[in-house]
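Chemist: Each residue of the sequence shown is one higher than the one before, starting from 151 at the first, in the working numbering.
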Amino acid sequence: REMEGLEASGSSYICTLCDSSRAEASQNMVLHSITRCHEENLERYEIWRTNPFSESADELRDRVKGVSAKPFLETQPTLDALHCDIGNATEFYKIFQDEIGEVYEKVNPSREQRRSWRAALDKQLRNKMKLKPVMRMNGNYARKLMTMEAVEVVCELVPSEERQEALRELMRLYLQMKPVWRATCPAKECPDQLCRYSFNSQRFADLLSSTFKYRYNGKITNYLHKTLAHVPEIIERDGSIGAWASEGNESGNKLFRRFRKMNARQ
Ligand SMILES: [Zn+2]
Ligand SMILES: [Zn+2]
Numbered sequence: 151r152e153m154e155g156l157e158a159s160g161s162s163y164i165c166t167l168c169d170s171s172r173a174e175a176s177q178n179m180v181l182h183s184i185t186r187c188h189e190e191n192l193e194r195y196e197i198w199r200t201n202p203f204s205e206s207a208d209e210l211r212d213r214v215k216g217v218s219a220k221p222f223l224e225t226q227p228t229l230d231a232l233h234c235d236i237g238n239a240t241e242f243y244k245i246f247q248d249e250i251g252e253v254y255e256k257v258n259p260s261r262e263q264r265r266s267w268r269a270a271l272d273k274q275l276r277n278k279m280k281l282k283p284v285m286r287m288n289g290n291y292a293r294k295l296m297t298m299e300a301v302e303v304v305c306e307l308v309p310s311e312e313r314q315e316a317l318r319e320l321m322r323l324y325l326q327m328k329p330v331w332r333a334t335c336p337a338k339e340c341p342d343q344l345c346r347y348s349f350n351s352q353r354f355a356d357l358l359s360s361t362f363k364y365r366y367n368g369k370i371t372n373y374l375h376k377t378l379a380h381v382p383e384i385i386e387r388d389g390s391i392g393a394w395a396s397e398g399n400e401s402g403n404k405l406f407r408r409f410r411k412m413n414a415r416q
């Protein structure tokens with residue numbers, strides 16, 4: 151996958167850019183520096199592969215900080231804008247279900263309950279937004295789900311007005327942050343949002359760890375972590391995130407090389 155050599159979800163290490171564990175990343179959502187680089191990931195992969203000190207699996211995993219797949223060549227650890235959208239939309243899709251079911255005041259809801267909230271959400275999105283449920287989140291669905299329109303439609307199923315307002319604010323903040331990682335040149339295309347990114351991500355993180363604490367107590371998804379913690383530093387380093395997005399085609403790779411050359415000359 152696009153994760154530079156990181157173990158699948160479930161690992162306590164969640165990031166290809168820093169050594170943060172899931173627990174640390176959930177307690178401190180915003181303040182992390184990029185400390186990993188491609189060479190180090192490669193070295194760690196070699197250690198994982200060869201186990202030179204004959205360690206146990208747990209010791210070895212801790213030594214290589216979760217790196218157990220071969221990192222991509224020709225890359226700086228970064229984040230992929232499209233997968234960022236998809237990963238975060240997947241998370242919002244779950245938040246919406248939880249809010250419909252008022253999970254914040256429930257203990258261990260049953261499988262059937264969860265299924266019914268998901269069915270209610272799917273039905274509402276289909277009826278009000280012509281958004282058909284998908285087996286697997288994709289860019290198109292993500293684009294439509296991550297809108298104020300979708301939140302309003304979801305809010306019709308959320309009983310508490312206070313929580314409706316929290317959902318609206320969460321989406322408002324997200325939509326303020328999103329152009330920053332989608333833009334080819336955020337400093338030109340969305341300078342205000344770029345300036346406010348750290349403020350917005352802090353506010354977003356505060357909401358997650360207060361109002362939505364039931365989901366983020368000791369855990370956070372890889373993409374939310376990267377979105378909240380690493381975007382400004384990557385933009386400072388590379389100029390953008392959108393420009394490198396591995397939509398996976400040749401023209402993208404050409405663009406990548408051209409931008410890198412341009413950056414090297416500056
Ligand atoms: Zn990180
Ligand atoms: Zn490097």
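Every residue, glycine too, gets a C-beta built ideally from N, C-alpha and C. Computed from a predicted model, the values in this text were never measured in an experiment.
Of the choices Leu229, Lys256, Ser218, whose alpha-carbon is the least far from that of Asn201?
Modeler: Ser218
Chemist: Does the count of Cβ pairs from the stretch 306-320 and the stretch 265-277 closer than 8 Å reach three?
Modeler: By the Cβ test, the stretch 306-320 is in contact with the stretch 265-277, since at least three Cβ pairs between them sit closer than 8 Å.
Chemist: On the criterion of 16 or more Cβ atoms from any shown chain inside 10 Å, does Asn277 qualify as buried, or is it exposed?
Modeler: exposed
Chemist: Who are the Cβ neighbours of Asn369 in its own chain at under 6 Å, not counting the five residues just before and after it?
Modeler: According to the sequence as given, residue 369 is Lys; it is not Asn. Counting only Cβ-Cβ distances below 6 Å, and skipping sequence neighbours, we find Arg172, Ser176.
Chemist: If we count the other Cβ atoms within 10 Å of its Cβ and call it buried at 16 or more, is Thr185 buried or exposed?
Modeler: exposed
Chemist: Out of curiosity, what's the CA-to-CA distance linking Asn372 and Leu181?
Modeler: Those two C-alpha atoms are separated by around 15 Å.
Chemist: For ligand 1, is there a heavy atom less than 6 Å away from the beta-carbon of Ser176?
Modeler: no
Chemist: CB-CB under 6 Å to Met179, same chain, minus the five flanking residues each way: which ones, in chain order?
Modeler: Sequence-distant partners of Met179 (beyond 5 residues in either direction) whose C-beta falls short of 6 Å from its own C-beta, in its chain, are Ala355, Leu378.
Chemist: Is Val301 helix, strand or coil when you go by DSSP?
Modeler: helix
Chemist: Roughly how many angstroms lie between the CA atoms of Phe203 and Ile164, to the nearest whole one?
Modeler: 24 Å
Chemist: Suppose contacts are defined by Cβ-Cβ distances below 7 Å. Is Met287 in contact with Ala239 by that definition?
Modeler: yes
Chemist: In terms of residues, what are the limits of the alpha helix (DSSP H) holding Asp342?
Modeler: 341-359
Chemist: Per DSSP, what kind of secondary structure is Ser170 in: helix, strand or coil?
Modeler: coil
Chemist: With respect to the alpha helix (DSSP H) encompassing Arg365, which residues constitute its N-terminal and C-terminal limits?
Modeler: That run of the alpha helix (DSSP H) goes 363-366.
Chemist: Could you tell me whether any non-hydrogen atom of ligand 1 is closer than 6 Å to the CB of Cys234?
Modeler: no
Chemist: One question on the structure: do Val301 and Arg318 come within less than 7 Å of each other, judged by their Cβ atoms?
Modeler: Cβ distance < 7 Å, so Val301 and Arg318 count as in contact.
Chemist: Going by CA-CA distance only, name the one from Gly389, Leu320, Leu323 that's closest to Glu339.
Modeler: Gly389
Chemist: Nearer than 6 Å: is that true of the beta carbon of Leu167 relative to any heavy atom of ligand 1?
Modeler: yes
Chemist: From Lys328 to Leu320, what does the alpha carbon distance come to, in whole angstroms?
Modeler: Their backbone Cα atoms lie some 12 Å apart in a straight line.
Chemist: With respect to 6 Å, is the separation between the Cβ of Ser170 and the closest non-hydrogen atom of ligand 1 below this value?
Modeler: yes
Chemist: How many Å lie between Gly460 and Phe362 at the Cα?
Modeler: What is shown of the chain runs 151 to 416, which leaves residue 460 out entirely.
Chemist: Nearest to Glu383 by alpha carbon, out of Cys335, Leu325, Arg365, Thr228?
Modeler: Thr228
Chemist: Could you check whether the Cβ of His182 sits closer than 6 Å to any heavy atom belonging to ligand 1?
Modeler: yes
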